Amino acid sequence: MIRVEDLQKTFQTERGEVRAVQDVNFEVPEGELCILLGPSGCGKTTTLKMVNRLIPRTSGKIYINERDTDEYDIVELRRHIGYVIQQIGLFPNMTVEENICVVPKMLGWSKKQQHERAADLVNMVALDQSVLSRYPKELSGGQQQRVGLCRGLAGDPPVLLMDEPFGAIDPINREIIQDEFLKMQADLKKTILFVSHDIDEAVKMGDKIAIFRDGKLVQFGTPDNLLAHPVNDFVADFVGGDRELKRMRLIKISEALKREVPTVSATDTLDTAAKKVEQAGANHIVVLDDDGRPEGVLTQGDLDSKGSCGDSAHPLRTTVQSIKDLRTAVSRMFTYNTDWLAVVDDDGKFVGEISYRSITEMLHASRKRGEKKGAA
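Numbering (our numbering), first residue to last: 825 to 1200.
Structure follows, in structure tokens:
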């Protein structure tokens, strides 16, 4: 857990006193990732660096697991806080394994423990074991960034500080590394402060987002809360006019799908299908195979003739998994020019339908819940 109370930082300059951080308060529960977000010069990196005392605070308190960071020996503090930065800072005269194991070596780990830790970490970030014996100059920028992440995690710190760690990577590799990191975090559950200026990165990665402006914390909350209920025009402008589209990244299809929809088996008659469509007030019905997987669809116009559902069904051009987000569903609807999709589970079995209507209803309902919670 990280708790910040009444944090302030003042710098003396030739032009006088500059208040870089002003009365900042927030708390990050254990195992959560909090994004510090805002424009350049807003105080987010200064706040981050006060946590591990790279910058001394002027006043206020910072607690890690209920202990004031000023009570720690500074070397002990930094050995138990992972630190990952955009510039990476790998030692060019050391191998990848030696770079990763800087902190474990300081902590007195055996060579066997160090090697096993390095091997586990490079595997976790999808690097081949052969990189351990290579030098930083032999790696691509994306590979170096992965090694920097491994080094930050090597000593198994409970807290991790990350200062725009993926900012210098090209968009394709950046997306890949973000996904790999989120998989790692799902297993490791570190308490993380992560500086970014990218709202899309923040929405994708953060459990909480803290938006800064001119040294002040303007809004703190979940990504969905910030997107649905920006507290002022600055936050609304910063998160973007497409914030409802961004919200769709946060909601799984399983949360918005319609489960009570009519289905028939391929061997059922068209008369059976017609009765089910009428009872449900639907305009189509999904045809399932013997394993419950969708294999086709029948519309009302198909139900006037005789025969089996399997013989008359139109093949489904696509389906979507329930674990995907709403943005994926909408993108697929655009691609296939349809207003609904059959939804399947991990085994490909039919679990319901997702439509434009169910998506808009879900977004509206979640917004209303947020408004009621805020008014309570």
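Positions of the beta carbon are idealized from the N, C-alpha and C atoms, including for glycine. As the structure is a prediction and not an experimental result, all values here were calculated from the model.
First and last residue of the uninterrupted alpha helix (DSSP H) at arginine 1156
Along the sequence shown, read from residue 1 onward, the residue named residue 1156 stands at position 332. It spans 1150–1160 - the alpha helix (DSSP H) in which arginine 1156 sits, taken as one unbroken run.
Classification of glutamate 988 by the beta-carbon crowding that lies within 10 angstroms, buried from 16 upward:
Taking the first residue of the sequence shown as 1, we reach residue 988 at position 164. Result: buried.
By how many angstroms is the C-alpha of cysteine 858 removed from the C-alpha of histidine 1188?
The count along the sequence shown starts at 1 and reaches residue 1188 at position 364. The count along the sequence shown starts at 1 and reaches residue 858 at position 34. So the alpha carbons of these two residues sit roughly 26 Å apart.
Look up leucine 1032 in the DSSP assignment and say whether it is helix, strand or coil.
For this step, residue 1032 is matched to residue 208 along the sequence shown. Going by the sequence as given, residue 1032 is lysine instead of leucine. Note: lysine 1032 maps to strand in three-state DSSP.
How would you label methionine 1157, buried or exposed, when you count the other beta carbons within 10 angstroms and need 16 or more for buried?
For this step, residue 1157 is matched to residue 333 along the sequence shown. Buried, since its Cβ has 16 or more Cβ neighbours within 10 Å.
List in chain order: all unbroken alpha helix (DSSP H) runs of 4+ residues lying wholly within the stretch 1115–1140.
1133–1136
Can you give the Cα-Cα distance for valine 1175 and leucine 1074, rounded to whole angstroms?
Here residue 1175 is taken as the residue at index 351 of the sequence shown, counted from 1. Here residue 1074 is taken as the residue at index 250 of the sequence shown, counted from 1. One C-alpha to the other measures close to 20 Å.
Residues that phenylalanine 835 bridges to, as DSSP identifies them
On the sequence shown, position 11 is the one that residue 835 refers to. DSSP output for phenylalanine 835 lists Val842 as bridge partner(s).
Could you tell me if lysine 1007 is buried or exposed, where buried requires 16 or more neighbouring beta carbons within 10 angstroms of its beta carbon?
Residue numbering aside, residue 1007 sits at position 183 when the sequence shown is read from its first letter. Label assigned to lysine 1007: exposed.
State the beta-bridge partners of valine 848 as determined by DSSP.
Along the sequence shown, one-based indexing puts residue 848 at 24. Answer by DSSP bridge pairing, in chain order: Leu831.
Going by the CB atoms, is the gap between valine 927 and arginine 891 shorter than 8 Å?
The residue you call residue 891 lines up with position 67 of the sequence shown. The residue you call residue 927 lines up with position 103 of the sequence shown. The answer is no: Cβ separation not under 8 Å.
Reference serine 1146, options Tyr1160, Asp1126, His1138, Val1168, closest by Cα:
Translated into the one-based positions of the sequence shown, residue 1146 becomes position 322. Of the candidates Tyr1160, Asp1126, His1138, Val1168, the one whose C-alpha sits nearest the C-alpha of serine 1146 is Val1168.
According to the Cβ coordinates, are glutamate 1177 and lysine 1082 closer than 8 Å?
Start at 1 with the first residue of the sequence shown, and residue 1177 comes out as number 353. Start at 1 with the first residue of the sequence shown, and residue 1082 comes out as number 258. Yes.
Taking the CB atoms as reference points, tell me whether serine 1132 and threonine 1093 lie closer together than 8 Å.
By 1-based counting over the sequence shown, the position of residue 1132 is 308. By 1-based counting over the sequence shown, the position of residue 1093 is 269. Yes, the Cβ-Cβ distance between serine 1132 and threonine 1093 is below 8 Å.
Check this for me: beta carbons of alanine 1026 and leucine 861, under 8 Å apart or not?
What you label residue 1026 is simply residue 202 of the sequence shown in a count that begins at 1. What you label residue 861 is simply residue 37 of the sequence shown in a count that begins at 1. Against a cut-off of 8 Å, the Cβ pair of leucine 861 and alanine 1026 comes out as a contact.
Helix, strand or coil for isoleucine 1023? Go by DSSP, reduced to three states.
Numbered from 1 along the sequence shown, position 199 holds the residue referred to as residue 1023. Residue state, collapsed to three classes: helix.
Find the nearest neighbour of valine 1111 within the set Ser1089, Glu940, Phe1018, judged by alpha-carbon distance.
Taking the sequence shown and counting its residues from 1, the one referred to as residue 1111 is at position 287. Of Ser1089, Glu940, Phe1018, the residue nearest in Cα terms is Ser1089.
Classification of threonine 870 by the beta-carbon crowding that lies within 10 angstroms, buried from 16 upward
As a first step, residue 870 is located in the sequence shown; it is residue number 46 there, counting from the start. It is buried - the Cβ of threonine 870 has at least 16 other Cβ atoms within 10 Å.
Between the Cα of leucine 1012 and those of Cys974, His1138, Ser964, spot the shortest distance and give me the residue it belongs to.
On the sequence shown, position 188 is the one that residue 1012 refers to. Of the listed residues, the one whose Cα sits closest to leucine 1012 is Cys974.
Give me the Cβ distance between glutamine 953 and threonine 882, rounded to the nearest whole Å; I'm assuming they're in contact under 8 Å.
Counting from one through the sequence shown, the residue named residue 953 turns up at place 129. Counting from one through the sequence shown, the residue named residue 882 turns up at place 58. Not confirmed; about 47 Å, so no contact.
I need the DSSP call for serine 957, collapsed to helix, strand or coil.
Position 133 of the sequence shown, counted from the start, is the residue given in the question as residue 957. Note: serine 957 maps to helix in three-state DSSP.
Within 10 Å of its beta-carbon, does phenylalanine 915 have 16 or more other beta-carbons around it, so buried, or fewer, so exposed?
Your numbering for residue 915 matches position 91 in the sequence shown. Looking at its Cβ environment, which holds fewer than 16 other Cβ atoms inside 10 Å, phenylalanine 915 is exposed.
Determine the DSSP secondary structure at isoleucine 924, reduced to helix, strand or coil.
Against the sequence shown, residue 924 aligns to sequence position 100. Under the three-state reduction of DSSP, isoleucine 924 is assigned to helix.
Arginine 877 to threonine 893 span [Cα, whole Å]
The sequence position of residue 877 within the sequence shown is 53, counting from 1. The sequence position of residue 893 within the sequence shown is 69, counting from 1. C-alpha separation (whole angstroms): 8 Å.
Lysine 1082 CB to nearest heavy atom of the ligand HEM below 7 Å
In the structure shown, the ligand HEM is absent, as is every other ligand, since no ligand is present at all.
Over what stretch of residues does the beta strand (DSSP E) that includes isoleucine 1178 continue unbroken?
As a working note, residue 1178 is residue 354 in the sequence shown. It spans 1174–1179 - the beta strand (DSSP E) in which isoleucine 1178 sits, taken as one unbroken run.
Sorted by chain position, which residues of the same chain lie with C-beta nearer than 7 Å to arginine 1071's C-beta, five sequence neighbours on each side aside?
For the purposes of this step, residue 1071 is taken as the residue at position 247 of the sequence shown. Taken in chain order, the residues that qualify are Asp1048, Leu1051, Ala1052, Leu1187.
Rounded to whole angstroms, what is the Cα-Cα separation between alanine 963 and valine 1085?
In the sequence shown, counting from the first residue as 1, residue 963 sits at position 139. In the sequence shown, counting from the first residue as 1, residue 1085 sits at position 261. Just to set this straight, residue 963 is leucine in the shown sequence, not alanine. Near 52 Å, if we compare the C-alpha coordinates of valine 1085 and leucine 963.
Closest by C-alpha distance to aspartate 1171, when choosing among Glu1185, Thr1152, Val1144
Here residue 1171 refers to the residue found at position 347 of the sequence shown. Among Glu1185, Thr1152, Val1144, the Cα nearest to that of aspartate 1171 is on Val1144.
How many Å lie between phenylalanine 835 and proline 880 at the Cα?
Within the sequence shown, residue 835 is the residue found at index 11, counting from 1. Within the sequence shown, residue 880 is the residue found at index 56, counting from 1. Straight-line Cα distance between these residues: approximately 11 Å.
Alpha carbon to alpha carbon, how far is alanine 1010 from glutamate 1079?
Counting from 1 along the sequence shown, the entry for residue 1010 is found at position 186. Counting from 1 along the sequence shown, the entry for residue 1079 is found at position 255. Going by the C-alpha atoms only, they are around 20 Å apart.
If you draw a straight line from the C-alpha of arginine 1067 to the C-alpha of isoleucine 912, how long is it?
Mapped onto the sequence shown, residue 1067 falls at position 243. Mapped onto the sequence shown, residue 912 falls at position 88. Distance between the alpha carbons of arginine 1067 and isoleucine 912 is about 32 Å.
Got a sec? Which residues, its chain only, sit under 7 Å from alanine 1200 by beta carbon, not counting five neighbours each side?
As a position in the sequence shown, residue 1200 is number 376, starting the count at 1. Unreliable positioning characterises alanine 1200 in this predicted model, as indicated by a pLDDT of 40, which lies under 50. The coordinate reading is nonetheless provided below. Cβ neighbours of alanine 1200 beyond the five flanking positions: none.
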